[in-house]
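So the protein lines, in turn, are chains L and U. For the first sequence, the residue numbers in the working numbering are 1 to 400. For the second sequence, the residue numbers in the working numbering are 1 to 235. Right, one structure below, let's go through it.
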Amino acid sequence: MKMAFKNILRNKRRSFLTALSLLVASFVVVALYSYVQGFLNGTKEAVINLETGHMTIARTEYLRKRVFLPVDELIEDPSPIIHKLLKFKEVKLVTPRIKFTALISRDNTTKPAYIMAIDPEKEKSTLNIRNRLIKGSENLESGLIVGKDLASSLKINPGDTLILLSRTTLGGLNGIKLPVSGVANFGMSKLNRNFVMMSLKHARKLLKTNEGVSEILVFLQHEKQIHKLKTRLNLPADLDAKSYMELLGTFAIYFKFATIFYGFIYILIIGLATFAIINTMTVAVFERLKEIGTLKAIGMTDNEVFMLFGMEGTMLGALGGFFGSLLGLIFAYGLSIKGINFESLLENTAFPLPYVIRPEVNFKVFLFAFILTLIISALSSVFPALYARKLTPQETLRQI
Amino acid sequence: MIKIIFLALLIQQVSSDFIIKKLRENTKIESIKFEATMEIKKGKKRLLKEFYGYGKGNNFLIVFTNPEDRDVKYLKLEKDLYIYLPDIDDVVRISGDMLKQSLMGSDLSYKDLMEDDPFSYYSGKIISDTVLEGHGVYILELVDTTGKAQYYRVKLFVDKTKYVPWKEELFTKSGRKIKEIKAFAIARFGERYYTTDFIIKDLRMRNSSTRITYKKLEFDIKIPESFFSKETLYK
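Here it is as structure tokens:
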């Protein structure tokens, strides 16, 4: 081991280049994993927080027609269901929402809008409105929060008054006049283009309902508890509960496809990294045939030669793997602070993809990449080391 | 063979242009006063709306009287539509793409309401004639030649004597049938025939239909110009 270590230090440039290629491979493994997981988890988190919770409870008819956001399929008295849900230890938060479409008008301009009415107090942790604000305040008790692209197309600023026009729960037509409290970047083009947030109080006045809500969103301690909780809910006959994946429709297929696709890319990258490590280690042995011949000529046994080369490979693997994985982790952490902003690419997409992707910083991936590089470099040293072991001094010197 | 020749001769007696001209004469209105109901059915749900209104030239005013929409008013001024909302005592202007939105959740779009002379956009041919639920009709297939029509292709089942369609099928350019209108009653008003009871189905919506029944209709009466101004809405 001492000799292997000395050998590494003796030819610094060769050792450095070998370790560098191992470093790059392990860096790519960590950085790519962090990015992919960041993308998938970020998308999932945005959908859960903004759209569905881990689970949505609504009238069966509402869920069937959810794409049209019907206002005549509300849960008229949500309180007993909310109280019942809060008794489950798996449940972290239960929050009611009303979602509907409306026409939003200012002066002579009218646009269609997707309205989400919320309980501002309860939704502080889910919607994180304060951090999404560009202008104005997060005060929903007195006004509206409007998506930035919609605000721009209506040329509105905080303080301006808007008219919302919608069908009521009774099938009539009604309007409400409210000031704009704030303009927000909801981090998704779909929402920024037509999204308006208001309080349940104002929505109920517009829709002419006392306590009605269209959805009760359930946020759990852990995603894995969805199925277990669903079976224990025992909801009234006209209500149903759907997990976020069940509600995503086409996007769920995309999400599953993206998971498989990125998984495949990831395996491919690990394969390439493995190939690079094997290649580097093999070249390192063949470069040193003269040295092997000399070592054998001065009396080193076959096993000692095998051990020496195996040890050298493993040490270089440990060195490159450790620093590469560490750099990957630091790189992911650095990018996760502000995130990678894809707004200019995604601003015209209809899919609910978040603009900002924050790579996931995961220590387990660091360990995985380090151990992977170590094992692969150790294994890939075996074959050249076995080759070196078989060589006689005469053969090695003839090959130079 | 003789029957086919006889039928062909009969069809050729009136041209499609003549039928379109007669259709336009029946639908072109100098002034109108009406009272009507609109029954919207969505699956098992049913909404009944009542309204009255006035029309003059290309403008009209509709005032809803059913309890859910009492005093909601629609005012069409040329290409713009204004909606008055009594709860906030204010007006919203609907124009451009917004006119494609559904009128109060019905199978009609605002744009359906806005067409001044819809048959002027089309030219076409008589495909055949037949009997539709006891009414002798010409089957006309019209295609938009101006690029301005809301529906690219229209198939009409026009009454042979009254020149009012008993049935309309409305298609997109890709050939998809998106709406169907069926008349239940046609009445005579002087020289004019007019549909007084009809149902419209937007085939893009499942189990949805809207039936409009006129309870009172008066044509060519004197209506003050002041009825058709934004100021009237606030009264």
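No residue lacks a Cβ here, since even glycine has one placed at the ideal position from N, Cα and C. Model, not experiment: these values are computed from the prediction.
So, with DSSP's three-state summary, where would you put residue i?
{"i": "U/Phe18", "result": "helix"}
{"i": "U/Lys45", "result": "strand"}
{"i": "U/Lys160", "result": "coil"}
{"i": "L/Pro70", "result": "coil"}
{"i": "L/Tyr266", "result": "helix"}
{"i": "L/Lys290", "result": "helix"}
{"i": "U/Ile88", "result": "coil"}
{"i": "U/Lys111", "result": "helix"}
{"i": "L/Arg14", "result": "helix"}
{"i": "L/Leu86", "result": "helix"}
{"i": "L/Phe309", "result": "helix"}
{"i": "L/Lys155", "result": "coil"}
{"i": "U/Gly134", "result": "coil"}
{"i": "L/Asn174", "result": "strand"}
{"i": "U/Ser106", "result": "coil"}
{"i": "L/Pro384", "result": "helix"}
{"i": "L/Lys201", "result": "helix"}
{"i": "U/Glu180", "result": "strand"}
{"i": "L/Ser377", "result": "helix"}
{"i": "L/Lys390", "result": "helix"}
{"i": "U/Leu203", "result": "coil"}
{"i": "L/Phe331", "result": "helix"}
{"i": "U/Lys100", "result": "helix"}
{"i": "U/Pro165", "result": "strand"}
{"i": "U/Asp288", "result": "Absent from the structure is residue 288 of chain U, since the part of chain U shown begins at 1 and ends at 235."}
{"i": "L/Phe186", "result": "coil"}
{"i": "L/Val361", "result": "coil"}
{"i": "U/Asp197", "result": "strand"}
What residues of chain C sit near residue i, judged by a beta carbon separation below 8 Å?
{"i": "L/Leu165", "result": "Of the chains in the structure shown, none is chain C; the protein chains are L and U."}
Any idea which residues DSSP pairs residue i with across the strands?
{"i": "L/Ile322", "result": "Checking the sequence, you will find Phe at residue 322 of chain L rather than Ile. Beta-bridge pairing links L/Phe322 to no other residue."}
{"i": "U/Arg192", "result": "U/Phe189"}
{"i": "U/Glu50", "result": "U/Thr37"}
{"i": "U/Ile32", "result": "U/Gly55 and U/Phe219"}
{"i": "L/Val356", "result": "L/Asn341"}
{"i": "U/Ser209", "result": "U/Lys41"}
{"i": "U/Glu141", "result": "U/Lys125 and U/Lys155"}
{"i": "L/Ala58", "result": "L/Asp240"}
{"i": "L/Pro179", "result": "L/Thr161"}
{"i": "U/Tyr214", "result": "U/Ala36"}
{"i": "L/Lys99", "result": "L/Met116"}
{"i": "U/Leu170", "result": "U/Val154 and U/Lys179"}
{"i": "U/Lys76", "result": "U/Phe60 and U/Leu81"}
Within its chain, find whatever has a CB closer than 6 Å to the CB of residue i; leave out the 5 residues flanking it on each side and keep chain order.
{"i": "L/Glu61", "result": "Glu73"}
{"i": "L/Leu69", "result": "Lys99, Phe100 and Thr101"}
{"i": "U/Glu218", "result": "Lys33"}
{"i": "U/Thr196", "result": "Ala185, Ala187 and Tyr214"}
{"i": "U/Tyr121", "result": "Asp144, Thr146, Lys148 and Ala149"}
{"i": "L/Asn192", "result": "Gly147, Lys148, Asp149 and Phe186"}
{"i": "U/Pro86", "result": "Asp71"}
Cutting at 8 Å between CB atoms, please list the residues of its own chain near residue i, excluding the five before and the five after it.
{"i": "L/Gly160", "result": "Checking the displayed sequence, the identity of residue 160 of chain L turns out to be Asp instead of Gly. Correct list, in chain order: Arg106, Pro179 and Val180."}
{"i": "L/Thr314", "result": "Leu374, Ser377, Ala378 and Ser381"}
{"i": "U/Tyr238", "result": "Since the first residue shown for chain U is 1 and the last is 235, residue 238 of chain U is missing from the structure and cannot be characterised."}
{"i": "U/Ile94", "result": "Asp80, Leu81, Tyr82, Ile83, Gln101 and Tyr110"}
{"i": "U/Asp107", "result": "Ile40, Lys179, Ile200, Lys201, Asp202, Met205, Ser208, Ser209 and Thr210"}
Closer than 7 Å by C-beta to residue i: which residues in its own chain qualify, once you throw out the five before and the five after it? Chain order, please.
{"i": "L/Gly271", "result": "none"}
{"i": "L/Arg59", "result": "Glu73, Ile75, Asp238 and Leu239"}
{"i": "L/Phe5", "result": "Met315"}
{"i": "L/Gln225", "result": "Glu90"}
{"i": "L/Met1", "result": "Met311"}
{"i": "L/Gln221", "result": "Glu90 and Lys92"}
{"i": "L/Gly339", "result": "Val356, Ile357 and Arg358"}
What are the residues of the segment 38-50 of chain U that lie near chain L, defined by any Cβ-Cβ distance shorter than 7 Å? For the segment 38-50 of chain U, the beta-carbon criterion of a distance under 7 Å to any beta-carbon of chain L is satisfied by Lys45 and Leu47.
In chain order, what residues of the segment 63-95 of chain L put their CB closer than 7 Å to some CB of chain U? Asp72
Mind checking the segment 60-73 of chain U against chain L and listing, in chain order, the residues whose C-beta falls within less than 9 Å of any C-beta there? Phe64, Asn66, Pro67, Glu68, Asp69, Arg70 and Val72
For a minimum of 3 consecutive residues, which ranges assigned as the beta strand (DSSP E) are wholly contained in the segment 216-256 of chain L? 239-243
Which residues, in order along the segment 95-106 of chain U, keep a beta-carbon less than 8 Å from a beta-carbon of chain L? Ser95, Met98, Gln101, Met104 and Gly105
Entirely enclosed alpha helix (DSSP H) segments - the segment 102-163 of chain L, minimum 4 residues: 124-127, 129-132 and 148-154
What are the residues of the segment 168-192 of chain L that lie near chain U, defined by any Cβ-Cβ distance shorter than 8 Å? Thr168, Leu170, Gly171, Gly172, Leu173, Asn174, Gly175, Ile176 and Lys177
Residues of the segment 95-107 of chain L whose Cβ lies closer than 7 Å to any Cβ of chain U, in chain order: Leu103 and Ser105
Write down every uninterrupted run of the alpha helix (DSSP H) in the segment 10-54 of chain L whose length is 4 residues or greater and which is fully enclosed by it, in chain order. DSSP runs (the alpha helix (DSSP H)) wholly in the segment 10-54 of chain L: 12-47.
Give the residues from the segment 105-127 of chain L that approach chain U closer than 9 Å (Cβ to any Cβ), ordered along the chain. Contacts with chain U (Cβ-Cβ distance below 9 Å) from the segment 105-127 of chain L involve Ser105, Asp107, Asn108, Thr109, Thr110, Lys111 and Pro112, listed in chain order.
For the segment 195-212 of chain U, which residues have a CB atom closer than 7 Å to at least one CB atom of chain L, in sequence order? Residues passing the 7 Å Cβ filter: none.
Closer than 7 Å between beta carbons: that is the criterion. Which residues of the segment 158-183 of chain U meet it against chain L? none
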